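Below is one structure; the comments refer to it alone.
Number of protein chains: 2
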Amino acid sequence: MQQAIAILDSGVGGLTVVKEVMRQLPQEKIIYFGDTARTPYGPRTPAEVSLFTRQIVDYLMQFHPKMIVIACNTATAVALEQIRSSVPVPVVGVIHPGARAAIKTTRRGLVGVIGTEGTVRSGAYENALKELSPFIEVISLACPRFVPLVEQGRFRTAETRQVIRQTLAPLTGYPMDCLILGCTHYPFISEAIAEAMGPSVTLISSADETAREISTVLYHSGQLAKASQLPVHQFFCSGDPVMFQKIAQEWLGEQIRVTPVVWQVPQIL
Amino acid sequence: MQQAIAILDSGVGGLTVVKEVMRQLPQEKIIYFGDTARTPYGPRTPAEVSLFTRQIVDYLMQFHPKMIVIACNTATAVALEQIRSSVPVPVVGVIHPGARAAIKTTRRGLVGVIGTEGTVRSGAYENALKELSPFIEVISLACPRFVPLVEQGRFRTAETRQVIRQTLAPLTGYPMDCLILGCTHYPFISEAIAEAMGPSVTLISSADETAREISTVLYHSGQLAKASQLPVHQFFCSGDPVMFQKIAQEWLGEQIRVTPVVWQVPQIL
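So the protein lines, in turn, are chains A and B. Throughout, this note's numbering is defined as the position within the first sequence, counted from one, plus 115. Throughout, this note's numbering is defined as the position within the second sequence, counted from one, plus 115.
Written out as structure tokens, the structure is:
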């Protein structure tokens, strides 16, 4: 049986990675887990995000995936290294791919980053960017109101546009030439973000770039799928499967089957 | 001492990879070998290109590099797998990075590839593209007149523009949305190529994309440089060092020192 790529997120955000993996690597089988019962992760403590990520990885490892993709910036920021040292397969996060793409794109050396409070507070993008290129300047902004809008499926409402314009206003005075969408939920609302930032700013989707990084890592470890038929993907979510399925089908442009997973309260012995 | 990235090419073409590595990974030390005495590789037999590549890799291995980059599409097409299995460090070629970028970029699924006769004859891009995404359509064209123009430093002459326009004419009837510059020499003449192809075609530089793949592979193997000072690069070429230095300094925008290396005829015992 074909080994899958396991992709996880706090909710529907990681579907932006799924869509790009489906497009860039159509032969790869995907198993997705969206922790919609506990979204958003952004305002949570690092310890809590680590625990939740660990639980999802444990759940996904039962399917013997060939790779784990932490398709959530908040979880990547706090749990990537820990997960990497604890599973026997490659683990890809979403922060370094976006950082690499920004470094390739920027000509002025000034990069903007937007993300959840947790991601921005961690300084993970700044660290990744400066690790690669110490002279890069970084301006970061937390956008706590964005993820709930996406999880509610409100991608293009007037209110969404207004929230985005107001939130991003502090960034528009800087001469940055690229802005990292440092949250996998943001590609859902990238049109309004592009509108607010203006045409001189290139948006970098950490989701798109992560799909490419997955391709690179699978190639260099000799693990690209050689499927003769198109794979059937599997989707799990911990919250309401109806809303998840609706958003997923709209975003992916195809019918999917969703299996609900309910987190259990441990039995008192 | 800091371990270097060793980069090789048939001549000055690999300097397009060098420039991007210097920009994207300014802390990395580079050792470059341009085989200007035996350029171009494009019209040579696979056996000859393999032998030449092997000789350069043997020369470079004495510096104990942490990675070998075959920054020549012709050499990547015929010698990558052989070199990969014979040295104890990661080996990065220039074909898969360009293929991956094209797959990320194309929306129509029709990708153009231009390269040397050797690269086009090998079918290496078509194989790499279809290995990742079987539904991609590929149109390839050999452009044997381009490399000599670049090695002579004639990047922007009227004759160069005319040769490029004439050579690329067969491609302009196809509805492709991206064109892979499947030769590391071509970024030197990318302006004229862009002009000939028109604004609807995105050019993919295998050189730029390779710098990013180097970044990804070094990161995932924990080998990114943590230099406190900027590295001093080393350049070797097998032909006239004056012409090499002139082209290199113009392209890289900085002074470099070039060490000539003369291939020896073996002694008769």
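All C-beta atoms in this analysis are idealised placements derived from N, C-alpha and C, irrespective of residue type, glycine included. Note that the structure is predicted; figures quoted are calculated from it, not measured.
- With a contact defined as Cβ atoms closer than 8 Å, residue 226 (chain A) and residue 210 (chain A) miss out at about 13 Å.
- Residues of the region 125–142 of chain B whose Cβ lies closer than 9 Å to any Cβ of chain A, in chain order: 135, 138, 139, 140, 141, 142.
- Judged by their CB atoms, residue 184 (chain B) and residue 329 (chain B) are nearer to each other than the 8 Å cut-off.
- If you ignore the 5 residues before and after residue 264 (chain A), its C-beta comes within less than 6 Å of the C-beta of 275, all in its own chain and listed in chain order.
- Residue 234 (chain A) is not a Cβ neighbour of residue 128 (chain A), given a cutoff of 8 Å.
- By the rule that beta-carbons nearer than 8 Å mark a contact, residue 249 (chain B) touches chain A.
- For the C-beta of residue 374 (chain B), not a single chain A residue is nearer than 8 Å; the gap to the nearest is close to 28 Å.
- Apart from sequence neighbours up to five positions away, the residues of its chain that approach residue 253 (chain B) with a beta-carbon distance below 7 Å are 226, 228, 240, 241, 244, ordered along the chain.
- Here DSSP, grouped into helix, strand and coil, assigns residue 355 (chain B) to coil.
- The C-alpha of residue 120 (chain A) is placed about 23 Å away from the C-alpha of residue 319 (chain A).
- For residue 334 (chain B), the nearest beta carbon of chain A is closer than 8 Å to its own beta carbon.
- The CB of residue 120 (chain A) never comes closer than 8 Å to any CB in chain B; the least such distance is about 14 Å.
- Collapsing the DSSP output to three states places residue 250 (chain B) in coil.
- Around the CB of residue 137 (chain A), 16 or more other CB atoms lie within 10 Å, so the residue is classed as buried.
- Across the set B:213, B:174, B:165, B:176, the C-alpha of B:213 shows the shortest separation from the C-alpha of residue 301 (chain B).
- Against chain B, a Cβ distance below 7 Å from residue 328 (chain A) picks out 331.
- Among the residues of chain A, those whose CB is under 7 Å from the CB of residue 246 (chain B) are 339, following chain order.
- Cβ proximity to chain B below 7 Å picks out 211 from the region 188–214 of chain A.
- Look at residue 323 (chain B): its C-beta is under 8 Å from a C-beta on chain A.
- Under the 10 Å beta carbon count, residue 357 (chain A) is surrounded by fewer than 16 other beta carbons and is classified as exposed.
- Counting only Cβ-Cβ distances below 9 Å, residue 219 (chain A) has contacts in chain B at 135, 138, 139, 323, 324, 326, 327, 330, in chain order.
- Each residue's CA atom was taken as its position, placing residue 336 (chain B) and residue 180 (chain B) some 14 Å apart.
- Between residue 220 (chain A) and residue 155 (chain A), the gap from beta carbon to beta carbon reaches 8 Å or more.
- One thing to note: residue 350 (chain A) has its Cβ no nearer than 8 Å to the Cβ of residue 377 (chain A).
- Counting only runs of 4+ residues, the alpha helix (DSSP H) found wholly inside the region 207–264 of chain A occupies 210–220, 232–237, 239–247, in chain order.
- Assigned with DSSP and collapsed to three states, residue 147 (chain B) falls in strand.
- Residue 320 (chain A) is bridged by DSSP to A:296.
- In the DSSP assignment, residue 278 (chain B) falls within the unbroken alpha helix (DSSP H) covering 273–283.
- Taking all protein chains shown into account, residue 124 (chain A) has 16 or more neighbouring C-beta atoms within 10 Å of its C-beta and is therefore buried.
- Look at residue 371 (chain B) here: in three-state DSSP terms it is coil, with no helix or strand label.
- When DSSP reads this structure, residue 350 (chain A) sits in a beta bridge with A:147, A:373.
- Cβ atoms of residue 147 (chain A) and residue 348 (chain A) come within 8 Å of each other, at about 7 Å.
- Straight through space, the alpha carbons of residue 208 (chain A) and residue 195 (chain A) are spaced by roughly 7 Å.
- Straight across, the Cα-Cα distance linking residue 334 (chain A) with residue 382 (chain A) is about 44 Å.
- Residue 309 (chain B) sits away from residue 283 (chain B), with the two beta carbons spaced by 8 Å or more.
- By the criterion of a C-beta distance shorter than 6 Å, residue 168 (chain B) is surrounded in its chain by 190, 194, once the five residues flanking it on both sides are discounted.
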